[in-house]
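So the mapping is simple: this note's numbering equals the position in the sequence shown, first residue as 1, plus 8.
Glycine included, C-beta positions come from ideal geometry on N, C-alpha and C.
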Amino acid sequence: MTARTTRLDAGVREAMRALSAATKKGLGDAALAELVQIRASQLNHCAFCLDMHLTIARKHGVSERQLDLLAAWEEAGDDVFDARERAALALTEAVTVLTDGFVPDAVYERAAEHFDERQLAHLIGLITVINSWNRLMVSRRIPAGSTEW
C-alpha cells in the first residue's frame, strides 16, 4: 500500500506527540498504556500504530501471551489480564467504538474502581489521542513501518 499523502503539519505532529507523552506520564504505567493503544489500534485497523506500539510494548515487558490474546482479552482469563487491565481495556473499547453514542456508566464505574480521578483522566486522554493518531494514519494510508508521515 502506498500512502495517499505523508503531509502532516509539524505543529500538529508535535502537539499530538506532547499530548501522547503527557497522558502516558500521567497514567504512570507504560505497559498498560501500550496495551490500551494496541487495542484501540486493533479496533481502528491501524497497521502503522499496531506496528509501532507492539514494538514499544515488548520493550516495556508486555508478555507475548498478552499481545497474542489482546484481541480476545475478555475471554483470555484472569491469569492473562488482571482486573485493572480489563477495566482499562473495556474503557478503551467503549471510548473507541461509542456504540450507543456514549460510554456506559458501568464501564466507566468499573474503571473508576481501579484508577484514581487523575489516572482516569489520563487514561481517557490516552484513549482519545491514540484514536486521533489512528485516524490520522488510516485516513492517509500510512503503511506499517513508514518513516515518512
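Considering only M24, E117, A38, the residue with the shortest C-alpha distance to S140 is M24. In the structure shown, the three-state DSSP call for E117 is helix. For W81, the enclosing alpha helix (DSSP H) covers residues 81-84. At the C-beta level, I138 and C57 come within 9 Å of one another. In this structure, the beta-carbon distance from L27 to R47 does not fall below 9 Å. The residue among G133, I150, V146 with its C-alpha nearest the C-alpha of A30 is G133. When E156, A152, W157 are compared, the shortest CA-CA separation from T63 is found for A152.
In this structure, DSSP gives T107 a state outside helix and strand, which the three-state scheme calls coil. F123 counts as buried, since at least 16 other C-beta atoms from the protein chains shown sit within 10 angstroms of its C-beta.
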